[in-house]
Amino acid sequence: FDRGALSGKRVFITAGPTREALDPVRYISNHSSGKMGYALAEAAVDAGAKVTLISGPVNLPAPQRCERVMVESAEQMLAASLKHIDECDIFIASAAVADYRPVAVAEHKLKKGNEEIMELRLVKNPDIVASVAAQPQKPFTVGFAAETRDVISYAQDKLVRKNLDLIIANDVSRSDIGFNSDDNAVTVVSHADVQQLPLCSKRRLAGKLIEIIAAHQHSSADKK
Ligand code: PMT
2 FDRGALSGKR VFITAGPTRE ALDPVRYISN HSSGKMGYAL AEAAVDAGAK VTLISGPVNL
62 PAPQRCERVM VESAEQMLAA SLKHIDECDI FIASAAVADY RPVAVAEHKL KKGNEEIMEL
122 RLVKNPDIVA SVAAQPQKPF TVGFAAETRD VISYAQDKLV RKNLDLIIAN DVSRSDIGFN
182 SDDNAVTVVS HADVQQLPLC SKRRLAGKLI EIIAAHQHSS ADKK
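Note that my numbering has the sequence shown beginning at 2, numbered continuously upward.
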């Protein structure tokens, strides 16, 4: 592992789930634990980067030598991501951001009524990684794709649609990898090729991913 691969680079990483409030005591969320994003933050620090970890609510301690910004909702994660984006060299979006949020947040706890069926109205959240990739000084932008089928083709579609430089695809239909597990197996998809990385711990995988991201970022900076 090259300890200097990211020396002098500013790396922003989103991690964990978002929580979209329904009322003061309830929210919509998902099973992301933050383990993948936190492991990436540690690996990027080890590679010499100055890291800002933008984290949804998780039960993990802040990695050492890294700045952590805690957020709850997708809108807060977007604001924290864009705040110093002009200083960012590499943006890695490992967070599992809620695609939708309730149209309105009730001021008081919602009461149980007599009706058997209750309908929720949801509105689309902003896309954080696509907003980063649309900035005039776009950093090298890396997304994740959590898919349950047609993993590679959906990832390729997100790579193009969100204007990303790389996308890391994981099959979240398997319970031994993806959400909340200690291990993961992913496929790194670039505009030129597809590279499969075998099952290993998220810590080891993070080291390999940071090496791959650093190499791609170097060659794209050379082209500019
Ligand atoms: O946290 P762990 O338990 O360790 O699990 C890790 C993980 C499975 C959550 C992680 O490896 C992963 O796949 N993260 C992305 C999950 C996801 O929401 O994927 P997606 O295919 O829905 O989104 C595609 C990309 O767009 C992602 O980079 C996501 O961060 C980004 N996105 C999505 C929606 C949105 N509103 N804003 C975004 O930035």
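Virtual Cβ for every residue (Gly too), placed ideally from N, Cα, C.
All figures in this text were calculated on a predicted structure; none of them were measured in a lab.
Restricted to the segment 13 to 56, the alpha helix (DSSP H) segments that are unbroken, complete and at least 4 residues in length are 36 to 47, listed in chain order. Taking a contact to require three or more Cβ pairs closer than 8 angstroms, the segment 176 to 194 and the segment 26 to 34 qualify as touching.
In the DSSP assignment, glutamate 212 falls within the unbroken alpha helix (DSSP H) covering 203 to 224. Looking at the backbone, the Cα of leucine 123 and that of arginine 204 are separated by about 35 angstroms.
With contacts defined by Cβ atoms closer than 7 angstroms, alanine 134 and leucine 165 form a contacting pair.
Proline 58 and glutamine 77 have their C-alpha atoms roughly 12 angstroms apart.
The beta carbon of serine 34 sits closer than 6 angstroms to at least one heavy atom of the ligand PMT. Assigned with DSSP and collapsed to three states, alanine 156 falls in helix. As for any beta strand (DSSP E) of minimum length 3 sitting wholly inside the segment 111 to 159, the runs are 123 to 125 and 141 to 148, ordered along the chain.
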